[in-house]
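Below is one structure; the comments refer to it alone.
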Amino acid sequence: MQNTGTLKLEARGDREIVMTRVFDAPRKLVWDALTKPGLLKRWFFGPPGWSLIVCEVALHVGAAYRYVWRGPDGTEMGMGGVCREFVPPERAVCTEKFDNPWYPGDALVTTTLVEQAGKTTLTLSVLYQSREAREAVLKTPMEHGVAMGYDRLAELLASPPAQAAGKEAGAP
Amino acid sequence: MGYGQMSPNRLDATFAALADPTRRAILARLASGQASVTELARPFAMSQPAISKHLRVLERAGLISRRRDAQRRPRRLEAKPLAQATEWLERYRQFWEGNFQRLDALLDELKTDERNARKKKRKRAKR
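Same order as they appear, the protein sequences are chains A and B.
Heads up: the first sequence at position 35 corresponds to 35 in my numbering, and the numbers run straight through without jumps.
Residues are numbered in my numbering as their position in the second sequence, beginning at 1, plus a constant of 172.
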């Protein structure tokens, strides 16, 4: 788990996607970078040319947060939610809804920071409202390379759901 | 992230269609060439009406189409909606990867700042 710099994505249970990333810094600093607007604006803005133009953070239970990003062509993308748990510097639970969502329902995001030997593991769990919403996000390919040939498509569609397909089709 | 090109409703339909393992298996089969309903039903222990129901969902999502000219009306994969959905999520991942790389750099900077602050404090304490 001390593999600094590698972003890991995995499915857990029925409705959850878990993202794990190790940072070579103590937990307190990672927590600051996640919760202080001045620091958030320096890294949390997406592709080059984009910026985080609204950054209202939630620092206690029941508080609302809101982020709005603006792209080079003026496109804006916003999201926000309400904080359900807030335990500095180790854990926060917040609802999440995009202004233009690409999955049905809203999500519950749990951020956990665990420090070990000066390194911090950030775990970001996104719990979707339904199994379908999670499946939708997960089963769609996330590798590099946007253009997709039929061959790769076949590979992709055939491999991950084999077990589930067998079950549903009544095959052994 | 420029998610504006595709309507959320259309994406919902695409994702809902992809959420089912039988439908993904059908798409996988069609990726290697067009096929009739009978051919598509063969690998599954499912009735033809059950398969047809799945095909209708895929069709509504724009993921497959049927050829009207041929008598067996083969289904064919439409790659574009899937590619659009893929592009959407690919940007989502890139969004996080780019962010985290910048966060690495920022954390390095914060660590250096802290170290320097500690050094200064120690110097001051010595004086």
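Cβ atoms here follow ideal geometry from the backbone N, Cα and C, with glycine treated the same way.
Query                                                                                                                                                                                : Result
In chain order, what residues of the same chain lie with their CB nearer than 6 Å to the CB of A63 of chain A, ignoring the 5 residues before and after it?                          : C83
Is DSSP giving T140 of chain A helix, strand or coil here?                                                                                                                           : With a pLDDT of only 49 at T140 of chain A, under 50, the local geometry of the prediction cannot be trusted, and no value is derived from it.
By the three-class DSSP mapping on this structure, what secondary structure does E231 of chain B have?                                                                               : helix
Scan the segment 29 to 60 of chain A and note each continuous beta strand (DSSP E) run of 3 residues or more that stays entirely inside, going in chain order.                       : 51 to 56
Chain A beta carbons: is any one of them nearer than 8 Å to that of A207 of chain B?                                                                                                 : no
Quick one: grab the DSSP three-state call for D151 of chain A.                                                                                                                       : Unreliable placement is indicated for D151 of chain A, whose pLDDT of 35 sits below 50; no coordinate value is reported for it.
Which class does Q129 of chain A belong to by DSSP, given the choice of helix, strand or coil?                                                                                       : coil
Hey, out of A:V126, A:Y67 and A:P104, whose CA is closest to T112 of chain A's CA?                                                                                                   : A:V126
Comparing C-alpha positions only, which one of A:V109, A:Q129 and A:E115 sits nearest to E85 of chain A?                                                                             : A:V109
If distances are taken between C-alpha atoms only, which option among A:L59, A:E90 and A:V87 comes closest to G186 of chain A?                                                       : Missing from the structure shown is residue 186 of chain A; chain A here goes from 1 to 172 and no further.
Compute the beta-carbon to beta-carbon distance between R247 of chain B and L227 of chain B, rounded to the nearest angstrom, for a pair I have assumed lies under 8 Å.              : 6 Å
Secondary structure at A191 of chain B, three-state DSSP: helix, strand or coil?                                                                                                     : coil
Below 8 Å on C-beta distance, what does E231 of chain B contact in chain A?                                                                                                          : What E231 of chain B touches in chain A: nothing, since even the nearest Cβ is about 17 Å away.
Would you identify the three-state DSSP class for E90 of chain A, choosing helix, strand or coil?                                                                                    : coil
Per DSSP, what kind of secondary structure is G71 of chain A in: helix, strand or coil?                                                                                              : coil
Pick out whichever of A:R91, A:K97, A:E96 and A:E132 has its Cα sitting closest to the Cα of W31 of chain A.                                                                         : A:R91
Would you kindly work out how many angstroms separate the C-alpha atoms of E211 of chain B and R201 of chain B, rounded to a whole number?                                           : 10 Å
Name, going along the chain, the residues of the segment 38 to 56 of chain A whose beta-carbon falls closer than 8 Å to a beta-carbon of chain C.                                    : Looking for chain C here will not work: the only protein chains present are A and B.
Is it right to say R27 of chain A is buried, meaning 16 or more other beta carbons lie within 10 angstroms of its own, or is it exposed?                                             : buried
Considering only the alpha carbon of each residue, which of A:P48, A:L34 and A:V61 lies closest to S67 of chain A?                                                                   : What sits at residue 67 of chain A in the sequence shown is Tyr, not Ser. The shortest Cα separation from Y67 of chain A among A:P48, A:L34 and A:V61 belongs to A:L34.
Measuring alpha carbon to alpha carbon, tell me which of A:P47, A:L39, A:K41 and A:G105 ends up nearest G71 of chain A.                                                              : A:P47
Using three-state DSSP, classify L278 of chain B as helix, strand or coil.                                                                                                           : helix
Show which residues of chain A have a CB atom less than 9 Å away from the CB atom of K283 of chain B.                                                                                : D24, A25, P26 and L29
Quickly, what does DSSP pair V82 of chain A with across the bridge? List them, please.                                                                                               : A:A64
Drop a sphere of 10 angstroms on the beta-carbon of N288 of chain B, count the other beta-carbons inside from all chains shown, and report buried for 16 or more, exposed for fewer. : exposed
Span of the beta strand (DSSP E) holding T110 of chain A?                                                                                                                            : A107 to Q116
Using a Cβ-Cβ distance cut-off of 8 Å, determine whether E132 of chain A contacts chain B.                                                                                           : yes
Using the C-alpha atoms, what's the distance from W268 of chain B back to T6 of chain A?                                                                                             : 11 Å
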